[in-house]
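Numbering (this note's numbering), first residue to last: 5 to 210.
Below is one structure, written out as structure tokens; the observations come after it.
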Ligand SMILES: Cc1cc2nc3c(=O)[nH]c(=O)nc-3n(C[C@H](O)[C@H](O)[C@H](O)COP(=O)(O)O)c2cc1C
């Protein structure tokens with residue numbers, strides 16, 4: 005190999021390494037920029053219970069449900085189903101069976117359900133609750149990021165409310181409603197609560 009070829013090959017390889025390193029750094033810094041926004045979104049989320057009459061666009065609701073499905077789940081079973089309710093009659097029917105659902109002014113509700121046919125068998129079956137809770141938090145955070153307000157209204161394990169919600173939605177027996185997330189555009193500015201409590205943190209051991 006001529007000396008000039010050797011120099012050209014070495015220069016080419018150095019350029020490739022430099023380009024890869026720059027790409028890595030650009031990725032890191034843009035992730036750092038968005039990290040601030042993500043943390044801000046988490047820290048400013050709060051339950052919202054009063055809404056304006058402005059409807060939520062279909063694609064906005066789809067984005068929110070996509071965020072729900074991006075949640076982690078045990079063994080990646082994704083044992084969930086989401087019932088998206090926007091019809092006034094259906095919202096009213098849900099409100100009739102859930103006394104604390106804040107559905108009076110909500111323009112939409114997403115009912116997060118566990119699908120036991122997709123759940124792990126044996127004791128791991130109960131992971132569906134954690135999986136669906138993770139999806140729920142993703143939905144709450146996505147709604148907040150999109151300028152919506154929302155609140156998690158518990159259904160499972162309330163023995164009075166669960167069958168009623170299942171009946172209203174026509175759920176099959178293996179699908180369990182975990183909660184109703186009521187949502188809409190906020191009617192007022194709700195202030196997030198400061199829940200930081202260092203007493204709840206233990207260093208290495210209790
Ligand atoms: C499992 C669960 C069940 C809840 N059920 C209801 C409910 O039925 N009605 C309601 O208005 N809020 C409900 N909430 C919302 C809580 O009241 C709220 O998250 C809590 O007061 C903390 O306030 P924040 O969400 O503004 O931080 C529920 C929350 C969780 C996690």
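Note that CB positions come from ideal geometry on N, CA and C, so glycine has one too.
Model, not experiment: these values are computed from the prediction.
Tell me which residues share the same chain as residue i and place their Cβ nearer than 7 angstroms to its Cβ, disregarding the 5 neighbours each side in the sequence.
i, result
"residue 165", "101, 102, 159"
"residue 26", "At residue 26 the pLDDT is 41, less than 50, meaning the model places this residue with poor confidence; the figure from the coordinates comes in the next sentence. Once the five neighbours on either side are set aside, residue 26 has no close Cβ partner at all."
"residue 172", "97, 98, 101"
"residue 95", "89, 107, 110, 113"
"residue 76", "138"
"residue 104", "157"
"residue 170", "181"
Are the Cβ atoms of residue i and residue j separated by less than 8 angstroms?
i, j, result
"residue 191", "residue 54", "yes"
"residue 184", "residue 98", "yes"
"residue 112", "residue 65", "yes"
"residue 106", "residue 157", "yes"
"residue 187", "residue 46", "no"
"residue 150", "residue 67", "yes"
"residue 40", "residue 142", "no"
"residue 70", "residue 189", "no"
"residue 202", "residue 115", "no"
Look up residue i in the DSSP assignment and give the residues it is bridged to.
i, result
"residue 221", "Residue 221 lies beyond the stretch modelled for the chain, which goes from 5 to 210, so this question has no answer here."
"residue 187", "112, 154"
"residue 57", "DSSP lists no partner for residue 57."
"residue 51", "154"
By alpha-carbon positions, which one of the options ends up nearest to residue i?
i, options, result
"residue 147", "39, 38, 50, 36", "50"
"residue 174", "188, 133, 86", "86"
"residue 88", "105, 58, 117", "117"
"residue 194", "47, 38, 52, 162", "52"
"residue 91", "110, 198, 74, 84", "110"
"residue 144", "168, 93, 74", "74"
"residue 80", "172, 43, 122", "122"
"residue 152", "56, 169, 208", "56"
With a CB to CB cut of under 8 angstroms and the five nearest residues on each side skipped, what residues in its chain are close to residue i?
i, result
"residue 78", "124, 128, 131, 134, 135"
"residue 197", "50"
"residue 168", "101, 102"
Leaving out the 5 sequence neighbours to the left and right, which residues in its chain are closer than 6 angstroms to residue i when beta-carbon positions are compared?
i, result
"residue 28", "Only weak support exists for where residue 28 lies, its pLDDT of 48 falling under 50; the value from the coordinates is given anyway. Excluding residues within five positions, none has a Cβ falling inside 6 angstroms."
"residue 178", "120, 121"
Is residue i near ligand 3 - that is, is its Cβ less than 7 angstroms away from at least one heavy atom of it?
i, result
"residue 53", "Although ligand 3 was asked about, the structure shown includes only ligand 1 as ligands."
inquiry  = I'd like the ranges of any beta strand (DSSP E) spanning at least 3 consecutive residues and lying wholly in the region 75-153.
reply    = 84-89, 112-119
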